[in-house]
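The sequence shown begins at 171 in the working numbering and counts up by one.
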Amino acid sequence: MKRPNIFYARKESEKESLVKQRPASEDGPPSAVDVDIAPATRTACIVAVSTGAILSLLCLISGIYIVQTNRKTLVAGPWSISSAGQEVLALAVNTILTLCIDGMMLVHSVSLRWALYRDGRLQYNTNIRLFTSSKSATPNKGYINVLALFCLVLCYGASSILLLDNQALPEVNEYTPISDAASQLAQAGTTTRVVNGTALVALGLGLAGQAAIAVWCLALAGCELIPTWSSNPLNTTLAAMQIGTLAHQPGRCMLSVHQRHQPPHQAVYPAERQGNMVQAQRVVRYILALLWTLTVLAIAWPITIAAVSMSIGNSSAPGQAVTEPLPCWRFGFNWNEDSSACSRNYVTLSLSPSANTHNPDANTFSYSAEAVLCLVFVCAIQAGQTIALHCAELLVNLSRDEKTWRQAYSNTNQNQAAPGAQLSTNPFISALSSWENTVLFTSKAVLHWIIGRSMLPSIGPEDNGQDLSLPDYTSINGFQFDMVYSRLIIYAILAFLLAVFATYLALKRPRGCQPAAFGHLQTLADLIDDWGTDHDGRLWWGDKTVGDDYGRGRHAGTSWDRTVLSPICAGDKYSGNRYLES
171 MKRPNIFYAR KESEKESLVK QRPASEDGPP SAVDVDIAPA TRTACIVAVS
221 TGAILSLLCL ISGIYIVQTN RKTLVAGPWS ISSAGQEVLA LAVNTILTLC
271 IDGMMLVHSV SLRWALYRDG RLQYNTNIRL FTSSKSATPN KGYINVLALF
321 CLVLCYGASS ILLLDNQALP EVNEYTPISD AASQLAQAGT TTRVVNGTAL
371 VALGLGLAGQ AAIAVWCLAL AGCELIPTWS SNPLNTTLAA MQIGTLAHQP
421 GRCMLSVHQR HQPPHQAVYP AERQGNMVQA QRVVRYILAL LWTLTVLAIA
471 WPITIAAVSM SIGNSSAPGQ AVTEPLPCWR FGFNWNEDSS ACSRNYVTLS
521 LSPSANTHNP DANTFSYSAE AVLCLVFVCA IQAGQTIALH CAELLVNLSR
571 DEKTWRQAYS NTNQNQAAPG AQLSTNPFIS ALSSWENTVL FTSKAVLHWI
621 IGRSMLPSIG PEDNGQDLSL PDYTSINGFQ FDMVYSRLII YAILAFLLAV
671 FATYLALKRP RGCQPAAFGH LQTLADLIDD WGTDHDGRLW WGDKTVGDDY
721 GRGRHAGTSW DRTVLSPICA GDKYSGNRYL ES
């Protein structure tokens, strides 16, 4: 038998006397510690749902009004706005939209967590909300998840085309030619924009759908169905144990989530580095594959647009022979559109086949049909990104759950340096203090914004021989997109950084002897043998071996009093046997 060193032996008498005052909690489920039902989180969710419902009504009312009063154009305006002002306005809309959606869908996530618990399928504190269904809770069934995903994509797709560049309705009087008005606006650094009534209606429907699902979850929620609104993995584990279906399993004090299938009561050495998310959850590798596939497509997009721009620019350069055009196009990184032949940086895609082919005999769509096609086209592009960001949320939440647990132990020799794991946490403070959550939220707002600003939507004039100097609505042909490769390059860079960020989270291996859990409830229940907390609601984890127990292997566990815990002895085996006979 290995003899304990002086540091550990010095504290045994103090440790033994303190530990004997409290029996090991493996004798029964915890009952002395109250579960934090997180009423503040529930209140915040209600506020978010109410805000989403109000915004949906505003969008629906204003959108329907615009469509009904402007049936020929389906838009309101035009108004003059600077380019910088439009970018800031679009970013603000996406930021507010992300805040509102995340708040409403938190209700759906909490409902899913406890629906899975009632189904007997809850393993982790965090799950992929829209790709995990419940058998017992109707708001979390598969077809409702499909509806929620459709509404989510619809919101971000509609927000990308709320403002349209007005190429058919400039602010002119009856004596001002369109070319002169456009030139004056360009010189002033402003352009005319119109509000897309169709997009407003779609945005209202998307928000209304998500608000309805959240209200449905709230209506069915009760103390028995949702024992806590907290997303803290320790609090979730405690709630599940107090309900009675999750129990502490002795003999697993040093077994991580990666060893969850290993039999108990086996003596193991503490690991200096823990496993990563990929090893803990198989779905993580599919998320990484999705994010890197999105990155490859994001990189290929500006390359394709630049190649087409070069071809158009060289063929339309002045003074070039049609048979042997001389290349004059050069790469540029201009944020705004540049239509000059030698520095053209965008490609126009019209939703009218006749406009793309310049063939008057080609098929055409009605203006209202193009308005719907415009929305469908943007939603199709935003869908992949929306799904990828939703899946990346799992990695961020798994990292959050592991960080919460790892507050209970310090890898230094002085365990007193550990801040302690909190059973009750403020969700807003936790979100603001987490750099991972900050990166994810910023990615949601900025990526949806930049992709919308990379394919500028507009309404254009019809090339049918009409006098375009007349300021009427008969010249409107429909919708078109100007895809600017310089902006798409920025989008590709951001998509690459998102993939790198997700890969870092997925492959990061926590340091130290403390077994990793990543929010796995059974693992946390096995590692925490004493749920008592101090007056600040904290507990610590460490070595709890007493003097007469070395022959049976060392033991690690938790305590509200960090002075009774010693640092983990990396050179000794831990079997998880009971360190105290009650």
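We put the beta carbon where it would ideally sit given N, CA and C, even for glycine.
For T362, which of V734, D272, H618 and I629 has the nearest alpha-carbon? Looking up residue 362 in the sequence shown gives position 192. Scanning V734, D272, H618 and I629 for the CA closest to the CA of T362 turns up I629.
From the DSSP secondary-structure annotation, give me the bridge partner or partners of L519. Sequence index remark: in the sequence shown, residue 519 carries index 349 (1-based). Checking the DSSP bridge columns, you'll see L519 partnered with F651.
Under 7 Å between C-beta atoms of N515 and Y655: Sequence index remark: in the sequence shown, residue 515 carries index 345 (1-based). Sequence index remark: in the sequence shown, residue 655 carries index 485 (1-based). Yes, they are a contact pair.
Determine the closest residue to I469 out of G741, L664 and D742, with distance taken between C-alpha atoms. Locating residue 469 in the sequence shown gives position 299, where the first residue counts as 1. Comparing Cα-Cα distances from I469 to each of G741, L664 and D742, the minimum goes to L664.
When the Cα atoms are used, what is the spatial distance from N264 to S613? Along the sequence shown, read from residue 1 onward, the residue named residue 264 stands at position 94. Along the sequence shown, read from residue 1 onward, the residue named residue 613 stands at position 443. In this structure, the straight-line span from the alpha carbon of N264 to that of S613 is close to 11 Å.
Buried or exposed, going by whether 16 or more other CB atoms sit within 10 Å of the CB of H431? For the purposes of this step, residue 431 is identified with residue 261 of the sequence shown, where counting begins at 1. So H431 ends up on the exposed side.
When V466, L467, T465 and R500 are compared against E482, the one with the closest alpha-carbon: On the sequence shown, position 312 is the one that residue 482 refers to. Sequence check: residue 482 is Ile here, not Glu. Ranking V466, L467, T465 and R500 by Cα distance to I482 puts R500 first.
Is the beta carbon of D700 closer than 7 Å to that of S729? Numbered from 1 along the sequence shown, position 559 holds the residue referred to as residue 729. Numbered from 1 along the sequence shown, position 530 holds the residue referred to as residue 700. Yes, the pair counts as a contact, with Cβ atoms nearer than the cut-off.
To the nearest angstrom, how far is the alpha carbon of L675 from that of A669? By 1-based counting over the sequence shown, the position of residue 675 is 505. By 1-based counting over the sequence shown, the position of residue 669 is 499. So the two alpha carbons sit approximately 10 Å from each other.
In chain order, what residues of the same chain have a beta carbon less than 7 Å from the beta carbon of A285, not counting five sequence neighbours either side? One-based indexing of the sequence shown puts residue 285 at position 115. Result list for A285: S304, S306, A307 and N310, in chain order.
Please name the residue, chosen from A672, P420, S520 and I620, that lies closest to H725 on a Cα-to-Cα basis. One-based indexing of the sequence shown puts residue 725 at position 555. Nearest option by C-alpha distance: P420.
Can you grab the Cα-Cα spacing for the pair V427 / L568, in whole Å? In the sequence shown, the residue the question calls residue 427 occupies position 257. In the sequence shown, the residue the question calls residue 568 occupies position 398. The alpha-carbon atoms of V427 and L568 are separated by roughly 12 Å.
Member of P209, P680 and P440 whose CA lies at the smallest distance from the CA of N596: As a working note, residue 596 is residue 426 in the sequence shown. Cα-wise, what sits closest to N596 is P209.
Give the secondary structure of I251 by DSSP, where H, G and I count as helix, E and B as strand, and everything else as coil. In the sequence shown, residue 251 corresponds to position 81, counting from 1. If DSSP states are grouped into helix, strand and coil, I251 belongs with the strands.
Of the choices P472, S226 and C321, whose alpha-carbon is the least far from that of I660? Translated into the one-based positions of the sequence shown, residue 660 becomes position 490. Relative to the Cα of I660, the nearest Cα in the group P472, S226 and C321 belongs to P472.
With a threshold of 16 other CB atoms inside 10 Å of the CB of P433, please say whether the residue is buried or exposed. For this step, residue 433 is matched to residue 263 along the sequence shown. Taking a 10 Å sphere around the C-beta of P433, we find fewer than 16 other C-beta atoms and assign the residue as exposed.
Among the candidates V217, A378 and A328, whose CA atom is the shortest distance from the CA of A260? Counting from one through the sequence shown, the residue named residue 260 turns up at place 90. Ranking V217, A378 and A328 by Cα distance to A260 puts A328 first.
Is the number of C-beta pairs between the region 727-743 and the region 598-611 that are closer than 8 Å three or more? With the cut-off at 8 Å, the region 727-743 and the region 598-611 do not touch.
Short of 8 Å in beta carbon distance, which residues of its chain neighbour T407, apart from the five on each side in sequence? Order them along the chain. As a working note, residue 407 is residue 237 in the sequence shown. Within the same chain, T407 has close Cβ partners N295, L416, L691, L694, A695 and I698.
Closest by C-alpha distance to S745, when choosing among I620, L425, A562 and I557: Locating residue 745 in the sequence shown gives position 575, where the first residue counts as 1. Checked all of I620, L425, A562 and I557; the closest Cα to S745 is L425.
Drop a sphere of 10 angstroms on the beta-carbon of F688, count the other beta-carbons inside from all chains shown, and report buried for 16 or more, exposed for fewer. In the sequence shown, counting from the first residue as 1, residue 688 sits at position 518. Around the Cβ of F688, a 10 Å sphere holds 16 or more other Cβ atoms; the residue is buried.
Kindly confirm or deny that the region 276-292 and the region 238-258 touch, where touching means at least three C-beta pairs closer than 8 Å. These segments do not touch.
Distance CB(T518)-CB(V323) smaller than 7 Å: Residue 518 sits at position 348 when you count from the first residue of the sequence shown. Residue 323 sits at position 153 when you count from the first residue of the sequence shown. Cβ distance not < 7 Å, so T518 and V323 don't count as in contact.
From G376, S220 and A740, residue whose alpha carbon lies closest to that of L317: Position 147 of the sequence shown, counted from the start, is the residue given in the question as residue 317. With respect to the C-alpha of L317, the residue from G376, S220 and A740 having the closest C-alpha is G376.
Could you round the C-beta distance between L735 and A591 to whole angstroms and report it? I think they count as a contact, below 8 Å. Within the sequence shown, numbered from 1, the residue matching residue 735 stands at position 565. Within the sequence shown, numbered from 1, the residue matching residue 591 stands at position 421. Contact between L735 and A591 is ruled out by a C-beta separation of about 12 Å, above the 8 Å threshold.
On the DSSP bridge assignment, give the partners of W711 in chain order. Looking up residue 711 in the sequence shown gives position 541. Bridge partners of W711: T728.
Can you check the region 563-594 for any beta strand (DSSP E) of at least 3 residues that lies completely inside it and give the ranges in chain order? The beta strand (DSSP E) runs of length 3 or more contained entirely in the region 563-594 do not exist; there are none.
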